[in-house]
Amino acid sequence: MSTYQQHTLEGASPVDLVVALYDGIVRFLYAAIAGVESGDAHARRAAVKRALDILIHLQARLRMDIGGRPAEVLSEFYASAFALILQASQAASAERFEEVIGYVRNVRDAWRQVSVETSRASSVGQVSMAGPAGAAQTGNAPQATRWTA
Numbered sequence: 001m002s003t004y005q006q007h008t009l010e011g012a013s014p015v016d017l018v019v020a021l022y023d024g025i026v027r028f029l030y031a032a033i034a035g036v037e038s039g040d041a042h043a044r045r046a047a048v049k050r051a052l053d054i055l056i057h058l059q060a061r062l063r064m065d066i067g068g069r070p071a072e073v074l075s076e077f078y079a080s081a082f083a084l085i086l087q088a089s090q091a092a093s094a095e096r097f098e099e100v101i102g103y104v105r106n107v108r109d110a111w112r113q114v115s116v117e118t119s120r121a122s123s124v125g126q127v128s129m130a131g132p133a134g135a136a137q138t139g140n141a142p143q144a145t146r147w148t149a
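Counting in full-length UniProt numbering, the final residue of the sequence shown is number 149, and the numbers go up one at a time with none missing.
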């Protein structure tokens, strides 16, 4: 990690750190795709491991005791994403990795919106983070939903 990246993360809000973790998942999944396309199974597996490590970290940090239904939905999303990444890796399928990237980006964008709204609220002295307003899943495809702050 560069010094610039380290300083950027040190001043980041908790929500911005979550967004950075999602960005890391996407980055490692693209590295896995590069491994698939180049036929480098070792590179694919190393990238998949890093993406899965981030998912495990996010899952472990969920506060089910205070998070309620939104925490349950995120837990289900992480479990689904984990399984889909393993399936994509086993099949060495760039298309399946792309599918997971789409799901991760949807949820990442929801967190980014929380960050923007939280920043906006804090600039006027009204920080009140309510968490997600709701979440839904359709089949095996985790979907991002509207988050409010």
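All C-beta atoms in this analysis are idealised placements derived from N, C-alpha and C, irrespective of residue type, glycine included.
Taking a cut-off of 8 Å on C-beta distances, the region 14 to 25 touches the region 51 to 58, as three or more cross pairs fall below it.
Shown here, Leu86 sits in a helix according to DSSP, grouped into three states.
One thing to note: Phe97 has its Cβ within 8 Å of the Cβ of Ile33.
With a cut-off of 8 Å on Cβ pairs, the region 98 to 106 is in contact with the region 75 to 90, counting three or more such pairs.
Rounded to the nearest angstrom, the Cβ distance from Gly24 to Ile54 is 5 Å, consistent with a contact under 8 Å. Counting C-beta atoms within 10 angstroms of its own C-beta, Arg120 has fewer than 16 neighbours from the protein chains shown and is therefore classed as exposed.
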